[in-house]
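Colleague:
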Amino acid sequence: MDFKTLYYSWELVAGSGQTLSVEQRVALQTSLVILQKNYKFNRVLFWGKILGLKDDYFIAQGRGEDEMQDKKDLYSLNCMDWFLLPTTTDSMIQEVSIAAKGRFIGDPSHAYEHVEIRREGESDEERVVTKVREESRLAVMIQQIDEEVSVVPRGAFIKSPHGLVQINRSFGGLSDSEAMKLDNYLHFSKPKNLKKRSILEKGDLNPAIDFLDLLSDDIPKGSWSLQRECAGRVCVLRSLFWLGLTSYHVPMTPQHGYIYIGDGTKNLDLPFML
Amino acid sequence: METSNGIQDKSLQAASSLKAFLLKSSTKSNMNVYEHLTRLLMKVMDEQPQNVVDVIEDMSLDVKRAIFEGMQSTLRDLPQITAAVLLAEQQHLLFSRPEDADREEELVETSLPNVSETGFYLEQAGVGLGREEMQRVFLALKQLVESQALMRCRLWGKILGIETSYIIAEAEYREGEEDEEQSTDEEAADEEGRKAETHLTENETDPLPQSTYKPPPVVPKEARGTGANKFVYYVCQDPGLPWVKLPSVTPAQITVARQIRKFFTGRLDSPVVSYPPFPGNEANYLRAQIARISAGTQVSPQGFFQAGEEEGEEEDEAPRDSYEVNTDFEGRPVAEMVESLSFWVHHVQHILKQGRCTWVNLAVRPGEDSNEEGEVEEKEEEPDEPEPEVGPPLLTPLSQDADMFSTPPWSSKMSSTLTSQHAVAVLRSNLWPGAYAYACGKKFENIYIGWGLKYAGEGYSPPVPSLPQKEYPSGPEITEALDPSLEEEQALKDSLEEQQAAQEEMEDTEEGEEEDDD
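Chains as they are written, first to last, in full-length UniProt numbering: chain A, 1 to 274; chain B, 1 to 518.
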């Protein structure tokens, strides 16, 4: 969620049980303004918080002109000093998926180690050691969450003919009945399923708005929990894959956003749990 | 001249034909482009917006819309009744003020917890439902306390479900009240069940073969007010909606709940589809999870509670199950509470493997067929001489909690680093994500807000179905033997021949001897 709306959007996502203390909120309001100026971001999102065993990470995301492409993630341990996270590469993602297991510790320089013993023949033993720093694990995890479960209501972003994705200033919000349907929410990441749709379905699409994947196409069905909260005023979407991701939208207003507060692990047990 | 006139005429003709084309009205909307553009340009001149060229499409749409408006004036939208309105009507009752305000003075010692204070501290700890929601929950709890005769009541927490969430209140009855009717109800239900069964068997003239399977003895439920059923729990889905009392938990439910991993749907009567099958519906599952979470995560500063009067310090057979508030408790500095887990103690009894807090010996009563029991009830206990299960006694420090999946069970923190003089000590459970405790001076509170699931390490693997029962006793007379190979057969034949030859030789010699004798 945009940090400028923090002071009122907290109430809307608090139903998941996690909030920030007042001290942290105030600190964020100060430090993120400076961050925006220093890094020359168009806007800054407070992305979430990762609960570590010893310490917690606070994550901010700066957005440039293109909301989808120009993203930079930063982390902080005290809400004041922000550090840029490395950009992810394929090899980094692979290393992290091999080595990083268990909960986050809360120390960016903590090294996860994974030793794999490859046997070739009888006597040849090769020890393959994969070392990953928690910082890179953090970067990979954020990218994964953004790719898999970042949510926007339909129409909140538009794609210009040049391919630039920007906020739709004339987005007035979904209506009350629309807001309770999953197919009015979109993944805010590069579309994967869009081309697979039939021509009949594509006919109704508006190329400026419908350039993203629908949540209702997700596999398995039912990996989202959509409910009304705060006396029925807010539609809250929770991902069951990434427990801790809460997205909100107030129907008939342009207010929407998402936040992740959780332990940073994907819930791979979902098929057993539905 | 003529040619130029001709050109002029031609262009005029072309212009008029184009105008005629533009004036052609659409068969659908009965509008034409010419009038539309005139209106549009008039609108542009009237309003003079910035960067007209970018918004001209929208304006054109507006102009079209303006024409249609008049035609719908006789139709009125029926005001839509949204979910928010329905809920607001329910919640309206929460804000009704009691008519006799004097009555409050009589009830000095109210069982209503101070939720706003709890909410204040929890907010510092970074937990909570939001201020407004907390206030609504507070009012809902007030409603609960007023409608039921409760001795003590506490906001236990919130469990998130897929469709709706549960807000949970923990309550304790005044002694003797409400207790009996409930138990008699249950007994009656049990009896009815039994009657139905006997009817079935009586009516049958040609009974089917009886199964030899004997279910393992059912672990008896703990009585209300003790062990896992010490408190009763009320749930509601949204503040203002009616509170529903949860049934008390049985040991079987707890043992199965430990093996399964399911999300809550948000409907109390929905079935729990799982393997191993869960005995009961979601209300029972919810109650079982509440019991497990309470046993694992309800903690208090050391010294706040002390052992009850009938002290069983020897720690033999009966572990102590009661405690009382230590009136001399002074409170500990927050820094110390954060530093060491040994200043925190569990004040809810550990639930044993059996699914109860106090162990009960099952082998004593039925006695028979103990061998078969052993097969079915694998690891629970040995059939011959059950070893009493003993959990850690009440008020055990948290520092003795075991690590699971190489994760320390608790993380402690101070709520503020800048103003640590007035901070609150916060404890977060890593085994039950969502369970928090805070302590500040003499005050402490526990809350759980989460999905009601335990941390499962790397991936959950569901238990394997048990082996199928044997149909018949396996023995040598019905087991199929392997056919011998040719070589084996040859070898056997050879050895047999040799034997025969030897025997014959023997016989021959014997005969010879006999002959000699003769």
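Where is the CB? At the ideal position from N, CA and C, for every residue including glycine.
Which first and last residues belong to the alpha helix (DSSP H) in which B:Val-219 is found?
Modeller: Residue numbering aside, residue 219 of chain B sits at position 219 when the second sequence is read from its first letter. Neither: B:Val-219 is in no alpha helix (DSSP H) and is coded neither H nor E.
Colleague: Rounded to whole angstroms, what's the CA-CA distance from B:Arg-24 to A:Asp-204? Just pull it up for me.
Modeller: In the second sequence, residue 24 of chain B corresponds to position 24, counting from 1. In the first sequence, residue 204 of chain A corresponds to position 204, counting from 1. Arg is not the amino acid found at residue 24 of chain B; the sequence shown has Lys there. Rounded to the nearest angstrom, the two C-alpha atoms are 28 Å apart.
Colleague: Measuring only between beta-carbons, confirm whether B:Thr-198 sits less than 9 Å from chain A.
Modeller: Your numbering for residue 198 of chain B matches position 198 in the second sequence. Note that B:Thr-198 scores 47 on pLDDT, short of 50, meaning its location in the model is unreliable and no value can be drawn from it.
Colleague: Would you give the residue range spanned by the alpha helix (DSSP H) that B:Tyr-234 belongs to?
Modeller: In the second sequence, the residue the question calls residue 234 of chain B occupies position 234. Looking at the DSSP string, B:Tyr-234 is not in any alpha helix (DSSP H); the run it does join, the beta strand (DSSP E), is 232-236.
Colleague: Quick one: grab the DSSP three-state call for B:Met-134.
Modeller: One-based indexing of the second sequence puts residue 134 of chain B at position 134. In the structure shown, B:Met-134 sits in a helix (DSSP, three-state: H, G or I).
Colleague: Around the Cβ of B:Thr-358, are there at least 16 other Cβ atoms within 10 angstroms (buried) or fewer (exposed)?
Modeller: Against the second sequence, residue 358 of chain B aligns to sequence position 358. Classification for B:Thr-358: buried.
Colleague: Given a cut-off of 9 Å, decide if B:Ala-288 and B:Lys-256 are closer than it, judged by their beta-carbon atoms.
Modeller: Locating residue 256 of chain B in the second sequence gives position 256, where the first residue counts as 1. Locating residue 288 of chain B in the second sequence gives position 288, where the first residue counts as 1. A small correction: the amino acid at residue 256 of chain B is Val; Lys does not occupy that position in the sequence shown. Going by C-beta atoms, B:Val-256 is nearer than 9 Å to B:Ala-288.
Colleague: With 9 Å set as the bound, which would you pick, yes or no: does the beta-carbon of B:Gln-80 sit closer than that to a beta-carbon of chain A?
Modeller: Within the second sequence, the letter at position 80 stands for residue 80 of chain B. Closer than 9 Å: yes.
Colleague: Give the straight-line distance between the Cα atoms of B:Ser-300 and B:Ala-125, rounded to the nearest whole angstrom.
Modeller: Locating residue 300 of chain B in the second sequence gives position 300, where the first residue counts as 1. Locating residue 125 of chain B in the second sequence gives position 125, where the first residue counts as 1. Cα to Cα, the separation comes out at about 16 Å.
Colleague: Please confirm if A:Met-141 has its CB atom under 9 Å from at least one CB of chain B.
Modeller: Translated into positions along the first sequence, residue 141 of chain A becomes position 141. Judged by the 9 Å Cβ criterion, A:Met-141 is not in contact with chain B.
Colleague: Which residues in chain A sit within 7 Å of B:Glu-133, going by Cβ to Cβ distance?
Modeller: The residue you call residue 133 of chain B lines up with position 133 of the second sequence. The contacting residues are Ala-14, Gly-15 and Cys-230.
Colleague: Using CA atoms only, rank isn't needed, just tell me which of B:Ser-116, B:Gly-355 and B:Asp-77 is closest to B:Pro-220.
Modeller: Mapped onto the second sequence, residue 220 of chain B falls at position 220. Checked all of B:Ser-116, B:Gly-355 and B:Asp-77; the closest Cα to B:Pro-220 is B:Gly-355.
Colleague: For A:Leu-212, collect the residues of the same chain with a Cβ closer than 7 Å to its Cβ; drop the 5 residues on either side in sequence, then sort them by chain order.
Modeller: Mapped onto the first sequence, residue 212 of chain A falls at position 212. Only Leu-186, His-187, Phe-188 and Pro-191 meet the Cβ criterion.
Colleague: Taking 9 Å as the CB-CB cut-off, is B:Tyr-233 touching chain A?
Modeller: Translated into positions along the second sequence, residue 233 of chain B becomes position 233. No, B:Tyr-233 lies away from the interface with chain A (no Cβ there is under 9 Å from its Cβ).
Colleague: Locate the beta strand (DSSP E) running through A:Leu-186, then write down its first and last residues.
Modeller: Numbered from 1 along the first sequence, position 186 holds the residue referred to as residue 186 of chain A. 185-187 is the span of the beta strand (DSSP E), which, as asked, contains A:Leu-186.
Colleague: Can you give me, in chain order, the residues of the region 422-440 of chain B that have a beta carbon less than 9 Å from any beta carbon in chain A?
Modeller: Those would be Arg-428, Asn-430, Pro-433, Gly-434 and Tyr-436, in chain order.
Colleague: How is the alpha helix (DSSP H) around B:Thr-297 delimited, first residue to last?
Modeller: Within the second sequence, the letter at position 297 stands for residue 297 of chain B. Segment 282-297, the alpha helix (DSSP H) holding B:Thr-297.
Colleague: Along the beta strand (DSSP E) that carries B:Asn-446, what are the first and last residues, could you check?
Modeller: Residue 446 of chain B sits at position 446 when you count from the first residue of the second sequence. B:Asn-446 -> beta strand (DSSP E) spans 443-450.
Colleague: Are the beta-carbon atoms of A:Ile-145 and A:Leu-245 separated by less than 9 Å?
Modeller: Here residue 145 of chain A refers to the residue found at position 145 when the first sequence is read from its first residue. Here residue 245 of chain A refers to the residue found at position 245 when the first sequence is read from its first residue. Closer than 9 Å, so yes.
Colleague: When the Cβ atoms of the region 250-260 of chain A are set against those of the region 29-48 of chain A, are three or more pairs found closer than 8 Å?
Modeller: Judged by Cβ distances under 8 Å, the region 250-260 of chain A makes contact with the region 29-48 of chain A, as three or more pairs qualify.
Colleague: Identify every residue that forms a DSSP beta bridge with B:Ser-25.
Modeller: On the second sequence, position 25 is the one that residue 25 of chain B refers to. The partner list for B:Ser-25 (beta bridge, DSSP) is empty, contrary to what the question assumes.
Colleague: Within the 9 Å Cβ cut-off, does B:Leu-139 reach chain A?
Modeller: Residue 139 of chain B sits at position 139 when you count from the first residue of the second sequence. Not an interface residue.
Colleague: Using a Cβ-Cβ cut-off of less than 7 Å, give me the residues of the region 90-108 of chain A that come near chain B, in sequence order.
Modeller: Of all residues in the region 90-108 of chain A, Lys-101, Gly-102 and Arg-103 have a Cβ within less than 7 Å of some Cβ in chain B.
Colleague: Answer yes or no: does any C-beta atom of chain B fall closer than 9 Å to that of A:Gly-222?
Modeller: Working through the first sequence from its first residue, we reach residue 222 of chain A at position 222. Yes, A:Gly-222 counts as interfacial toward chain B.
Colleague: Is there a C-beta anywhere in chain A that falls below 9 Å from the one on B:Ser-411?
Modeller: As a first step, residue 411 of chain B is located in the second sequence; it is residue number 411 there, counting from the start. Judged by the 9 Å Cβ criterion, B:Ser-411 is in contact with chain A.
Colleague: Classify A:Gly-262 as buried or exposed, calling it buried when 16 or more other Cβ atoms lie within 10 Å of its own Cβ.
Modeller: The sequence position of residue 262 of chain A within the first sequence is 262, counting from 1. Counting Cβ neighbours within 10 Å, A:Gly-262 comes out buried, since at least 16 surround it.
Colleague: Just to make sure I have the definition right: I need the residues of chain A whose C-beta is within less than 8 Å of the C-beta of B:Phe-405. Which are they?
Modeller: Locating residue 405 of chain B in the second sequence gives position 405, where the first residue counts as 1. Those within 8 Å of B:Phe-405 in chain A are Gly-102.
Colleague: Under 8 Å Cβ-Cβ, which residues of chain A neighbour B:Arg-261?
Modeller: Stepping through the second sequence from its first residue, residue 261 of chain B is reached at position 261. By Cβ distance, chain A contributes Asp-269, Phe-272 and Met-273.
Colleague: Could you give the distance in angstroms between the alpha-carbon of A:Ile-98 and the alpha-carbon of A:Glu-116?
Modeller: In the first sequence, counting from the first residue as 1, residue 98 of chain A sits at position 98. In the first sequence, counting from the first residue as 1, residue 116 of chain A sits at position 116. Each residue's alpha carbon lies about 10 Å from the other.
Colleague: How many angstroms separate the CA atom of A:Gly-155 from the CA atom of A:Leu-215?
Modeller: Here residue 155 of chain A refers to the residue found at position 155 of the first sequence. Here residue 215 of chain A refers to the residue found at position 215 of the first sequence. Rounded to whole angstroms, A:Gly-155 to A:Leu-215 spans 14 Å at the Cα level.
Colleague: Which residues of the region 14-44 of chain A have a Cβ closer than 9 Å to any Cβ of chain B? Give them in chain order.
Modeller: The region 14-44 of chain A vs chain B, Cβ under 9 Å: Ala-14, Gly-15, Ser-16, Gly-17, Gln-18, Thr-19, Leu-20, Ser-21, Val-22, Glu-23, Gln-24 and Ala-27.
Colleague: For the region 217-267 of chain A, which segments carrying the beta strand (DSSP E) assignment without a break, of at least 3 residues, lie completely within its bounds, in sequence order?
Modeller: For the region 217-267 of chain A, whole beta strand (DSSP E) runs of length 3 or above, ordered along the chain, are 224-229, 234-239, 245-249 and 256-262.
Colleague: Give a yes or no on whether 9 Å exceeds the smallest Cβ distance from A:Lys-181 to chain B.
Modeller: Walking along the first sequence from the start, residue 181 of chain A turns up at place 181. Chain B, which has no Cβ nearer than 9 Å to the Cβ of A:Lys-181, makes this no.
Colleague: Grouping DSSP H, G and I as helix and E and B as strand, with all else coil, what is B:Tyr-275?
Modeller: Within the second sequence, numbered from 1, the residue matching residue 275 of chain B stands at position 275. In this structure, B:Tyr-275 counts as coil in the three-state DSSP scheme.
Colleague: Could you tell me the distance, in whole angstroms, from the CA atom of B:Gln-304 to the CA atom of B:Pro-393?
Modeller: Within the second sequence, residue 304 of chain B is the residue found at index 304, counting from 1. Within the second sequence, residue 393 of chain B is the residue found at index 393, counting from 1. Reading off the sequence shown, one finds Phe at residue 304 of chain B, where the question assumed Gln. Computed Cα separation, rounded: 16 Å.
Colleague: The beta strand (DSSP E) with B:Tyr-438 in it runs from where to where?
Modeller: Taking the first residue of the second sequence as 1, we reach residue 438 of chain B at position 438. From DSSP, the beta strand (DSSP E) with B:Tyr-438 extends over 435-440.
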